[in-house]
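Numbering (the numbering used here), first residue to last: 501 to 675.
For every residue, glycine included, the Cβ atom is placed at its ideal position computed from N, Cα and C.
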Amino acid sequence: MDLREQKTKKSIRNAFLELRAHKPLERITIKELAERAQISKATFYLHYQDIYDLSTRMQDDVIRRVLESIERADLFIEDPALFTMQLFSAFNAQQHLIDILFSGTQASVLPIRIESALKEHIFRILPDTKNDARFNIFLTYQIQGGYYAYSENRRRFGDQCVLDALKEIMDLLHP
Numbered sequence: 501m502d503l504r505e506q507k508t509k510k511s512i513r514n515a516f517l518e519l520r521a522h523k524p525l526e527r528i529t530i531k532e533l534a535e536r537a538q539i540s541k542a543t544f545y546l547h548y549q550d551i552y553d554l555s556t557r558m559q560d561d562v563i564r565r566v567l568e569s570i571e572r573a574d575l576f577i578e579d580p581a582l583f584t585m586q587l588f589s590a591f592n593a594q595q596h597l598i599d600i601l602f603s604g605t606q607a608s609v610l611p612i613r614i615e616s617a618l619k620e621h622i623f624r625i626l627p628d629t630k631n632d633a634r635f636n637i638f639l640t641y642q643i644q645g646g647y648y649a650y651s652e653n654r655r656r657f658g659d660q661c662v663l664d665a666l667k668e669i670m671d672l673l674h675p
């Protein structure tokens, strides 16, 4: 990708984040995005199919960053508490983008997609876990429940307090 294309994509993404911070995804138009990014609508369509494609790609980037922050996805099996700490520390590092990209109708998307990506990775490493009901339920509980507990309580009690409580719960569930 040449420098001009990089600058254009960065401009589009920055404009999208500015708009998305104040508007629901469904109310952002290509016209207003193009104006804010100082590009033509045609230029936008050279890079993205529509506003949802742009949003999904930006969400994918955040999810990739979160997952790359976890040392080993199979740590979930060996040390679920440490895995949980790494996962939520990764969420915390991306919190600004998460708050923008996964708000409104997109709020439930992040934990679902994180769970799906982790399962895909773990099933490649440990194929026997794919049909293990207990394992799958525990993973869903840990990611979905942990994410909602974290996101609902972090502002009120602080990140570290919530992380410590989640670690305690994981230690109880998986001694």
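Hey, residue i and residue j are a contact pair by Cβ (cut 8 Å); roughly how many whole angstroms apart?
i    : j    : result
L639 : M585 : Not confirmed; about 16 Å, so no contact.
A617 : L567 : 6 Å
L582 : S555 : L582 to S555, Cβ: 32 Å. No contact.
F602 : Q559 : 7 Å
I512 : I530 : Going by Cβ atoms, the distance from I512 to I530 rounds to 10 Å, so no, they are not a contact pair.
Looking only at its own chain, which residues have a Cβ that is under 6 Å from the Cβ of residue i, when we skip the five neighbours before and after it?
i    : result
I677 : Nothing can be reported for residue 677, as the shown portion of the chain is limited to 501 through 675.
Y647 : P611
H674 : P580
F544 : I530 and A534
Y548 : L554
M670 : P580, A581 and T584
Within this structure, are the beta carbons of residue i and residue j separated by less than 8 Å?
i    : j    : result
I643 : D574 : no
I577 : I614 : no
A676 : A537 : As displayed, the chain neither begins before 501 nor continues past 675, which places residue 676 out of reach and without an answer.
Q594 : R565 : yes
Assign residue i to buried or exposed, taking buried as 16 or more other Cβ atoms, counted over all protein chains shown, within 10 Å of its Cβ.
i    : result
F588 : buried
Y650 : buried
I598 : buried
L533 : buried
P580 : buried
I637 : exposed
K523 : exposed
T494 : For the chain, the structure presents residues 501 to 675; residue 494 sits outside this window and is missing.
K619 : buried
Residues in its own chain within less than 8 Å of residue i by CB, not counting five upstream and five downstream?
i    : result
A521 : I600
L626 : D574 and I577
I570 : F583, Q586, L587 and A590
Which residues in the same chain as residue i place their Cβ atom closer than 7 Å to its Cβ, once the five residues preceding and following it in sequence are excluded?
i    : result
T629 : I622, F623 and F635
R654 : V662
R572 : none
Could you check whether the Cβ of residue i sits closer than 8 Å to any Cβ belonging to chain C?
i    : result
R504 : No chain C is part of this structure, which consists of one protein chain only.
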